[in-house]
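Numbering (the numbering used here), first residue to last: 635 to 1213.
Built from N, CA and C at the ideal position, the CB exists for glycine as well.
Step one of this worksheet: look at the structure below.
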Amino acid sequence: MKRLMMLFVAGILMVPGMGWTFDGADYPVGYPNGNGWNRGHGCFSTSCTDFSCSDGLGFLEPNNYGGSIGCVLHPGEDWNKNTGGNTDCGEIVRAMADGQVTSVPSSCSWGTLVIRHDNVPGYGTLYSVYGHMDNAWPGIVVGSNVQRGDQIGTVSDKGLNGAPCHLHFEIRSANLAACFFPTDSGGGNDEDWVRARYIEPTVFINANRPGAVQFAAQLVGQNVSITTWLPPNGTYTLWVDYRNVGSTTWENSGGVTNPNYVELRSVSGTCSLVTSFCAYDASTWTNRQRIGPAQQTSVPTNSTARFQFVARATSTTGECVQWVAPWYSGGCMDGWGGVNFTVRTDATPPTQPVASVDPSTNNTNSFSFSWTASTDEHSGFYRYYWSVNGGGETFTTTTSVPSGPWATQQGTNTFNVRAVDNVGNSASAAPVTFTLTSSPCPGREIPHTCVPSTTCYPAASSNLQTLPDATSAPWSSVGQPVRDMLKPGRTYSIGFEYRSTAATEMKLGFGTTNPASDLGLVINASNLPASTDNEWRTFWSAPFTVTAGQLESFSSLKFVRASTADGFDIRNVRIVAYQ
């Protein structure tokens, strides 16, 4: 207060409203430029809902305070040290600008100190409000004249009901009661009403710092603070929005040789440049230090820039923190907000499922399988994939395969199941063997690939066919001629595996010898669903019995699709004979 004392000695003590000259504004914390503090940006709420906000609210961010206040737009900014939590408890609060104290913290339940500022260019009189403070600094009482930067009190949690310490800071253009806070019934949820009585603090201070503030930023938001779990070396697109609250237009052309060029850079938690970080993506970043410019060609004052980049996960399981900040020729910009992203990598497979078979040996080809459940502590369990003898895999989210004809060959067969997590890491269990001791199928081999059945004629090779697109319901022969291999009065089933990009209506049957285009016996008419993730699915027809008369006219097994479906493959056609 040296200047005031000198004026008093001269007998010309000047008080606000009587010629006090406004000579600029500084930040009340992190004095004078606010470095090391976040300016109310942590919630990014888009609606008036109850939520926990550890970083505080920004200007006009909606929140439901409940009680007599209700849903209102936040009329100021909550300022926190970027070290988080209660680390700002007891930090010094300073006067934003020259003025006169009109209220001290002890007068309000939420610890509010108010300073009146006269002769502010473009405004006349303004009021700076400092909330959640302890008692005022010694000598600061109602009527005290203060200068910009004078200590007026300390940050506390007064009136916060258990929330972390922070400074609630307002600039009012209206002469409101010291303890006033808007209510929803009083216009507090109306943006025009709030703007008519309050000024956005960061914008005002940056526009009125002593000397020109060319480059200053205000954090607006970021898409995430913690990414989803990524596979090793997986990528994730991140973005952060900053508002230009300085006096110079930001440009994204010309590179660092352009004095107005602004870009995002990788920094430490204290905004020192770093040259290597765990989330660095060599394919998209300018280099390990320089991430890239804004998406906009130029960003005038009070406009918002989006800085978007790709982060690359590490090759091992863990988390890394990537700090970023807007950067110009003079260094890290005021108001960078302590922005960081946590990038998570899951390179660890789920726990292994341990499988068992019941029974281990029989001659009826009826086996069931079960296994222990897998867990994944990072990205989470996704599904199981099981197969027999290295054939096509079937997926399930259960831990068992019901009893069925799963042996594909006489003698020893092998069942395997693996667990997969949500980023694709896979864990395989030790194979389980089971034995089909004999086949009750007498007679010659039916020349189609065999899969498990109660009575199955084995064959050695797969039978993969890509069928033509269905245009006029064409019949397609599947496998080899079968007329001489079936016997009247016997019961059979026909199965196959298919892969289709879309659901397909189909008919399966035996074609006649004359004309060859006719269907002598329809075995099955079904709607085959599309195969998920282009995986092979299994189909079995209902059992059917053939007569001697039918066998006289049969030629080949026929398959027709009654609806068009591109990309339809079929393999492993099987004929099963029942006793």
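Check	Outcome
Cβ shell of GLN930 (< 6 Å), same chain only, five flanking positions each side left out	ALA939
Closest residue to GLY903 among CYS954, LEU872 and PRO934 (Cα-Cα distance)	CYS954
Distance between beta carbons of LEU1070 and ASN999, contact taken as under 8 Å	5 Å
Assigned secondary structure, ALA1182 (DSSP; H/G/I helix, E/B strand, else coil)	helix
Backbone CA spacing between ASP915 and GLY704 [nearest angstrom]	45 Å
Straight-line gap, TYR665 to ASP968 (C-alpha atoms, nearest Å)	12 Å
Assigned secondary structure, SER1111 (DSSP; H/G/I helix, E/B strand, else coil)	Only weak support is given to the placement of SER1111: the predicted model assigns it a pLDDT of 49, under 50, and the question is left unresolved by the model.
Reference PHE1068; option with closest CA among GLY1058, ILE1128, ARG1052 and THR995	THR995
Reduced DSSP category for SER1087 - H, G, I as helix; E, B as strand; rest coil	Bear in mind that the predicted position of SER1087 carries a pLDDT of just 37, short of 50, making it unreliable; the figure below should be weighed with that in mind. SER1087: coil per DSSP, three-state reduction.
Within 8 Å, strictly: CB atoms of THR882 and ASN894	yes
Whole-Å CB distance - THR1181 paired with PRO1122, under 8 Å assumed	5 Å
CA-to-CA distance, VAL1057 to LEU810, given in whole angstroms	55 Å
Short Cβ contact (8 Å threshold) for SER1037 with SER1002	yes
Inter-residue spacing [alpha-carbon to alpha-carbon] between ILE786 and THR655	20 Å
Of the residues GLY718, VAL748 and GLY710, the one placed nearest ARG728, counting alpha carbons only	VAL748
Local Cβ density within 10 Å of ALA644, reported as buried at 16 or more and exposed below that	With a pLDDT of 33 at ALA644, under the threshold of 50, the modelled position of that residue is not reliable, and the figure given next carries that caveat. Answer is exposed; the Cβ neighbour count stays below 16.
Distance between GLY756 and VAL663 (C-alpha atoms, nearest Å)	25 Å
Continuous alpha helix (DSSP H) stretch holding ARG728: start and end	Looking at the DSSP string, ARG728 is not in any alpha helix (DSSP H); the run it does join, the beta strand (DSSP E), is 726-728.
Beta-carbon proximity of PRO960 to ALA841, cut-off 8 Å	no
C-beta contact flag for PRO934 and ASN878 at 8 Å	yes
VAL977 vs GLN956 beta-carbon contact at 8 Å	yes
Identity of the residue in PHE849, HIS708 and ALA1063 nearest TYR1019 by Cα	ALA1063
N-terminal and C-terminal residue of the beta strand (DSSP E) that VAL1054 is part of	1045-1055
Other residues of its chain near SER740: CB distance less than 7 Å, five sequence neighbours each side excluded	ASN769
Nonlocal neighbours in the same chain, by C-beta distance under 6 Å from CYS912, ignoring five residues either side	THR948 and CYS954
Reduced DSSP secondary structure (H/G/I, E/B, other) of GLU695	coil
Cβ neighbours of VAL973 in the same chain (closer than 8 Å, five flanking residues each side left out)	LEU853, GLN856, VAL874, TRP957, VAL958 and ALA959
Where the beta strand (DSSP E) through TRP1020 begins and ends	1015-1022
Coarse secondary structure for VAL890, derived from DSSP in three states	helix
Where the alpha helix (DSSP H) through THR836 begins and ends	835-841
Distance between THR1006 and PHE1049 (C-alpha atoms, nearest Å)	15 Å
For ASN753 and PHE814, the rounded distance between their alpha carbons	23 Å
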